[in-house]
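A.B. asks: Numbering (our numbering), first residue to last: 105 to 362.
1. Return the chain-ordered list of same chain residues with a C-beta closer than 8 Å to the C-beta of residue 176, the five sequence neighbours on each side being excluded.
2. Could you please give the first and the last residue of the uninterrupted alpha helix (DSSP H) stretch that includes residue 147?
3. How about residue 305 and residue 284: do their beta carbons lie closer than 8 Å?
4. Assign residue 183 to buried or exposed, taking buried as 16 or more other Cβ atoms, counted over all protein chains shown, within 10 Å of its Cβ.
5. Among the candidates 139, 331, 343 and 244, whose CA atom is the shortest distance from the CA of residue 223?
6. Let me know the secondary structure DSSP gives residue 172 once reduced to three states.
7. Would you call residue 360 buried or exposed, if buried means 16 or more other Cβ atoms sit within 10 Å of its Cβ?
8. Would DSSP call residue 155 helix, strand or coil?
9. Report all residues from its chain with a CB closer than 6 Å to the CB of residue 181; omit the five preceding and five following residues, and keep chain order.
10. Under the rule that 16 or more other beta-carbon atoms within 10 Å means buried, what is residue 257, buried or exposed?
11. Where does residue 353 fall in DSSP's three states?
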């Protein structure tokens with residue numbers, strides 16, 4: 105893959121095996137998970153195919169089966185193994201590897217993001233046990249995902265940077281700033297990618313005062329804010345989730361470069 109390429113676009117078609125992205129996902133999972141698979145894999149391997157599926161609608165249904173309406177369920181942690189397998193396979197187009205890492209980020213931060221949104225009431229439909237299991241499941245895959253940084257395209261590196269600050273280590277945090285320096289040179293403050301990258305760098309400092317200042321400055325200027333009573337980490341991850349989603353939308357709309 106050209107590491108400078110933006111996420112590729114997929115074609116729409118329908119046939120007995122379903123849309124092309126379903127066929128590709130099925131091939132990858134068949135190769136990477138030959139043994140027992142999570143229940144969500146049935147959407148890939150069942151003979152019955154929704155005639156209304158194209159690539160976009162299938163992806164929406166498939167990811168929603170794993171992280172249902174941005175809420176964790178008992179089977180979410182198991183289903184994340186499918187997402188992680190897709191995220192590390194070069195047969196998967198960059199756009200969809202980005203989406204896979206984004207879903208892993210969302211699954212790992214459900215509790216904090218929903219706390220920020222619902223404060224000071226308890227989040228609705230929260231399942232603490234399922235959320236904790238999902239977070240642990242994502243954590244287990246992070247080393248393998250971050251090891252791909254040197255071979256990944258810029259788009260996926262942005263998503264990986266978000267995961268790195270969700271699960272900080274003494275090894276990964278010092279590497280983030282130099283790894284993101286190119287992005288900072290190419291994307292100034294006030295742009296979606298520029299704001300996102302600089303906020304990740306602030307989070308990597310693990311300095312609560314700097315993080316709080318950056319969170320309030322950015323939410324006041326561009327993003328949906330949260331009340332000041334919300335714990336700082338929850339506020340920061342709520343903001344980071346918004347930013348990653350917007351970056352992903354921009355990358356999806358960008359013209360494909362082969």
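Even glycine gets a Cβ: it sits at the ideal position worked out from N, Cα and C. Model, not experiment: these values are computed from the prediction.
C.D. replies: Taking the structure as given:
1. Counted from its first residue, the chain shown places residue 176 at position 72. Hits under 8 Å: 211, 214, 231, 234, 235, 237 and 238.
2. Residue mapping note: residue 147 aligns to position 43 of the chain shown, counting from 1. Its alpha helix (DSSP H) spans residues 146-149.
3. Within the chain shown, numbered from 1, the residue matching residue 305 stands at position 201. Within the chain shown, numbered from 1, the residue matching residue 284 stands at position 180. Against a cut-off of 8 Å, the Cβ pair of residue 284 and residue 305 comes out as a contact.
4. The residue labelled residue 183 in the question sits at position 79 within the chain shown. Residue 183 should be labelled buried.
5. As a working note, residue 223 is residue 119 in the chain shown. If we check each option's Cα against that of residue 223, 331 comes out closest.
6. The residue given as residue 172 occupies position 68 in the chain shown. Reduced to three states, the DSSP call for residue 172 is strand.
7. Reading the chain shown from its first residue, position 256 is the one you call residue 360. With a pLDDT of only 43 at residue 360, under 50, the local geometry of the prediction cannot be trusted, and the value read off the model is given with reservation. Its Cβ having fewer than 16 others within 10 Å, residue 360 is exposed.
8. Counted from its first residue, the chain shown places residue 155 at position 51. Note: residue 155 maps to coil in three-state DSSP.
9. By one-based count along the chain shown, residue 181 stands at place 77. Once the five neighbours on either side are set aside, the close Cβ partners of residue 181 are 237, 238 and 241.
10. For the purposes of this step, residue 257 is identified with residue 153 of the chain shown, where counting begins at 1. Buried is the call here.
11. Translated into the one-based positions of the chain shown, residue 353 becomes position 249. Helix, per DSSP.
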